[in-house]
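The structure appears right after this line, and notes come after that.
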Amino acid sequence: MGAPVIMCGKTEAVGTDVIAALKPEFDAVHFVMTPEAGAAQIPAILRGEQEVETNLALGSHDYFQELVAAILGGSYDDAGTEVMMKASAGIHRIPWLRPDLTKPGPPFGTPEYSKALVQRIKVLLAQLEQEGRMHEEKFVLY
Numbered sequence: 001m002g003a004p005v006i007m008c009g010k011t012e013a014v015g016t017d018v019i020a021a022l023k024p025e026f027d028a029v030h031f032v033m034t035p036e037a038g039a040a041q042i043p044a045i046l047r048g049e050q051e052v053e054t055n056l057a058l059g060s061h062d063y064f065q066e067l068v069a070a071i072l073g074g075s076y077d078d079a080g081t082e083v084m085m086k087a088s089a090g091i092h093r094i095p096w097l098r099p100d101l102t103k104p105g106p107p108f109g110t111p112e113y114s115k116a117l118v119q120r121i122k123v124l125l126a127q128l129e130q131e132g133r134m135h136e137e138k139f140v141l142y
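Numbering follows the working numbering, with no gaps: position 122 of the sequence shown is 122.
The following block contains the structure:
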């Protein structure tokens, strides 16, 4: 199983594509669709709780390993990201990845969109690991 991450996205359809493309390197253990849900659910996962309330089937729900990152989709702005990060502060330090929306890419919702995002995510996570920055509690653009 891959390294555990949390996925935050606006739609289950894109979330499904991204989660599949992250494998085998990463296991999306949980999927969050709103900053408010993330502010409630992510701290519980970071604390190692095994029962996390959700009505979504996306994600493996395998909460037994420590998370390595939270990955946010393009619908999460600074304010939404801040809500989740503040709720999770100091529990277990992880990087919060957000897409750089200034970079050109395929149209939202297409399979190519998901593949392009995942490629950028994998490159950034490998870079953070190599630089010893996987425990920095801040957001990083991919």
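Heads up, the beta-carbon is just placed ideally off N, CA and C, and yes, glycines get one too.
Check	Outcome
C-beta contact flag for residue 28 and residue 48 at 9 Å	no
Which residues DSSP lists as bridging residue 6, in chain order	30, 70
Distance, residue 98 Cα to residue 63 Cα	22 Å
Counted within 10 angstroms of its Cβ, other Cβ atoms place residue 126 as buried (16 or more) or exposed	exposed
Residue 6 versus residue 107 - alpha carbon distance	23 Å
Inter-residue Cα distance where the pair is residue 21 and residue 128	20 Å
Minimum length 3: unbroken beta strand (DSSP E) runs contained in the region 47–93	69–72
Extent of the continuous beta strand (DSSP E) run through residue 133	Unbroken run through residue 133: none, as it is neither H nor E.
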